[in-house]
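Asks: Sharing a structure here in C-alpha cells format.
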Amino acid sequence: MTKKEIGILIVLSIFVVGLIVFGVMTQNERERMVKDFEKLESEKPVGEVTLPPEGSEYVSDVPNNIVETTPNAQAPAAPGSSAKLGLYEIEISKNGFVPGQLVVKKGDVVGLKITATDAKYDFVIPYLELGMVIQRGETKQGSFRADATGIFSFECKEFCPSQGTIRGAIVVKE
183 MTKKEIGILI
193 VLSIFVVGLI
203 VFGVMTQNER
213 ERMVKDFEKL
223 ESEKPVGEVT
233 LPPEGSEYVS
243 DVPNNIVETT
253 PNAQAPAAPG
263 SSAKLGLYEI
273 EISKNGFVPG
283 QLVVKKGDVV
293 GLKITATDAK
303 YDFVIPYLEL
313 GMVIQRGETK
323 QGSFRADATG
333 IFSFECKEFC
343 PSQGTIRGAI
353 VVKE
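This is the structure we're talking about:
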C-alpha cells in the first residue's frame, strides 16, 4: 500500500467514526427531546380555561374536569390537615410564562418560585395584591393560601420588554 492509500484509509476511518459518534449523539438528543415533549404533554391540565378578560382579575367559573398541576415539591400544610403546601416554579421570558397556568386545590398553600430568564419583569396577582419585581436571572418567591375557587389572572405589566402585558392564570378548584 502506498502512503497515499494509507492516508485515504485513515481519513475514511476518521470520517466513519465521526458519523457513528454524530449518529449516537443525534439519537440521544432525539430521545431527550421526546422525553421532554412527553413530560410537557403529561403536565398539561385537562379542561379549557379562559383567562379573565383584560382588566379583570378573577372569574368564578372553573371547569369540572380540570386536573391539578403537579407541584415541583409538596408537603402537608399543617399537621392533621388535608391541605398541602405545593411549590410551583414559573419562568418568565419575552415568550410569556411557563407554565402559563397552574391548577391548585382550594385550601392549599401555594408557593411560587418565579425566575426571570432574559430581562427584568414584574409578576403580579392583582386579586391577591401579591407582586414583585424580578431582575434578569433572578429568582424570587411568594406564597398565598388558595381560599376561594375561581380563575385568578397573574401578569407582567410594568416591566415587560415585549411592550405589552404577559398574562397567565392560577385556577383554584374545589
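The opening residue of the sequence shown carries number 183 in our numbering; numbering runs sequentially from there. Ideal placement from N, C-alpha and C gives every residue a C-beta, glycine not left out.
Between E293 and the rest of its own chain, which residues show a CB-CB distance below 6 Å, the 5 nearest in sequence each way excluded?
Replies: According to the sequence as given, residue 293 is Gly; it is not Glu. L269 and S325, listed in sequence order.
Asks: Out of curiosity, what's the CA-to-CA distance linking C338 and F279?
Replies: Looking at the two C-alpha atoms, the distance is approximately 9 Å.
Asks: Name the one or two DSSP bridge partners that K314 has.
Replies: According to the sequence provided, residue 314 is Met. The question's Lys does not apply to it. F305, per the DSSP bridge assignment.
Asks: Around the Cβ of G350, are there at least 16 other Cβ atoms within 10 angstroms (buried) or fewer (exposed)?
Replies: G350 should be labelled buried.
Asks: Taking the beta strand (DSSP E) that K339 belongs to, which residues open and close that run?
Replies: Element bounds for K339: n/a, residue is neither H nor E.
Asks: Looking at the secondary structure, which residues open and close the beta strand (DSSP E) in which G293 lies?
Replies: Looking at the DSSP string, the run of the beta strand (DSSP E) that includes G293 is V291 to A298.
Asks: For K266, which of I192, K276, V286 and F197 has the nearest alpha-carbon?
Replies: Comparing Cα positions, the closest option is V286.
Asks: Among G289, R318 and I272, which has the Cα closest to the Cα of P281?
Replies: When each option's Cα is compared against that of P281, the closest is I272.
Asks: Closer than 8 Å by C-beta to F197: which residues in its own chain qualify, once you throw out the five before and the five after it? Chain order, please.
Replies: Result list for F197: empty, nothing under 8 Å.
Asks: Can you tell me whether E356 is helix, strand or coil according to DSSP?
Replies: Note: E356 maps to coil in three-state DSSP.
Asks: Return the Cβ separation of V315 and F334 in integer angstroms, given the expectation that the two are a contact with Cβ distance under 8 Å.
Replies: Actually they do not touch by this definition, with Cβ atoms about 20 Å apart.
Asks: Is it right to say D360 is buried, meaning 16 or more other beta carbons lie within 10 angstroms of its own, or is it exposed?
Replies: Here the chain covers residues 183 to 356 and nothing more, so residue 360 does not appear.
Asks: Using a 10 Å radius around the Cβ and a threshold of 16 neighbouring Cβ atoms, would you call A330 buried or exposed?
Replies: With fewer than 16 Cβ atoms within 10 Å of its Cβ, A330 is classed as exposed.
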